[in-house]
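The opening position of the sequence shown corresponds to residue 1 in full-length UniProt numbering, with each subsequent residue numbered one higher.
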Amino acid sequence: MPKVIGLTGGIGSGKTTIANYLASLGIPVYIADDAGKKVMQTQEILEAIKQEFGTAVFDENQLNRAKLAEIVFDNPDRLKALNAIVHPAVRNDYKNWLSQHQKAPIVVYESAILFESGRYTDFDYILTITVPLETRIERILKRETISRDQVLNRINSQWTDEQRVLKSDFVVDNIDIDLAKLKIDEILKILSINQ
Ligand code: ATP
Numbered sequence: 001m002p003k004v005i006g007l008t009g010g011i012g013s014g015k016t017t018i019a020n021y022l023a024s025l026g027i028p029v030y031i032a033d034d035a036g037k038k039v040m041q042t043q044e045i046l047e048a049i050k051q052e053f054g055t056a057v058f059d060e061n062q063l064n065r066a067k068l069a070e071i072v073f074d075n076p077d078r079l080k081a082l083n084a085i086v087h088p089a090v091r092n093d094y095k096n097w098l099s100q101h102q103k104a105p106i107v108v109y110e111s112a113i114l115f116e117s118g119r120y121t122d123f124d125y126i127l128t129i130t131v132p133l134e135t136r137i138e139r140i141l142k143r144e145t146i147s148r149d150q151v152l153n154r155i156n157s158q159w160t161d162e163q164r165v166l167k168s169d170f171v172v173d174n175i176d177i178d179l180a181k182l183k184i185d186e187i188l189k190i191l192s193i194n195q
């Protein structure tokens, strides 16, 4: 069985950038957000969403993800209901994916909500990416058309870096991508020694 590293960090911390780096080293990387989008295209999940949220979140037969996101964002009960549909499907998809990578020494599971979803207890190691809050806000504002208030709302809906760091085995500061990559290389060395 591979050792599984759970990779996380606040929005705009550079999880995807680091995940891409790990993948470029040949390490299998599972992106939970992509898997969530994939399972939400299956008939079974679409049907369950229609049952729970009604046709208001559909345009014709197409799920309107923005409408759904708007509904669940500020409503913990509705978010819980959506998660109860999507999370088990992602867990199943991940199990299948993992069984296809039995021979890899290390695999990575990347998720923005590793802690918030409670998944963090399922992994051998937790790697958290940190960047000062103001830098994260700047990077997000540069990456997408969104207001500063919207960014702050998203940040406030997640755990803080301090909370994440307390429960992490490894923390990589991503102010400078080259230094972050060096730190990742060091961590991989430590893990291969500990195999
Ligand atoms: P989200 O949770 O919002 O998807 P993320 O944690 O996956 O974000 P990325 O998408 O990897 O973060 O990075 C956010 C933005 O910051 C991207 O535009 C990325 O190119 C840029 N970025 C990542 N790392 C650095 C860095 N060290 N220096 C400058 N820009 C960076």
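For every residue, glycine included, the Cβ atom is placed at its ideal position computed from N, Cα and C.
So, for residue i: in the same chain, excluding its five sequence neighbours on each side, which residues have a beta-carbon less than 6 Å away from its beta-carbon?
i	result
I18	I129
D122	none
L22	V29 and V108
I5	V108, Y125 and L127
So which of the options has the shortest CA-CA distance to residue i?
i	options	result
L82	F53, H101 and S147	F53
L133	S13, S192, A69 and A89	S13
I184	M1, L25 and G10	L25
L152	G10, I193 and N174	G10
residue 240	S192, E116 and D161	Lying outside 1 to 195, the shown extent of the chain, residue 240 is not represented and no answer is given.
What residues in its chain sit with their C-beta under 7 Å from that of residue i, if we drop five residues either side in the sequence?
i	result
S79	Position check: residue 79 holds Leu in this sequence, whereas Ser was assumed. If we look at L79 and ignore the five residues flanking it on each side, its Cβ neighbours are V72.
Starting from the C-beta of residue i, find all residues in its chain whose C-beta is less than 8 Å away, skip the five residues before and the five after it, and write them out in chain order.
i	result
I187	L127, F170 and V172
What does residue i pair with, by DSSP beta-bridge criteria?
i	result
F58	L63
residue 236	The shown model of the chain, from 1 to 195, leaves out residue 236, and the question about it has no answer.
- prompt: Do the segment 99-110 and the segment 24-42 make contact, defined as three or more Cβ pairs closer than 8 Å?
  reply: yes
- prompt: Around the ligand ATP, which residues pass a check of Cβ closer than 5 Å to any of its heavy atoms?
  reply: With 5 Å as the limit, the residues whose C-beta approaches any heavy atom of the ligand ATP more closely are I11, G12, S13, G14, K15, T16, T17, A112, R139, R143, N174 and I177, in sequence along the chain.
message: Below 8 Å, how does it come out for the segment 35-51 and the segment 152-170: are there three or more Cβ pairs, yes or no?
response: no
message: Across the segment 90-99 and the segment 135-144, are there enough close Cβ pairs to call them in contact, namely three or more that are closer than 8 Å?
response: no
message: Between the segment 56-72 and the segment 142-152, can you find at least three pairs of beta-carbon atoms closer than 8 Å?
response: no
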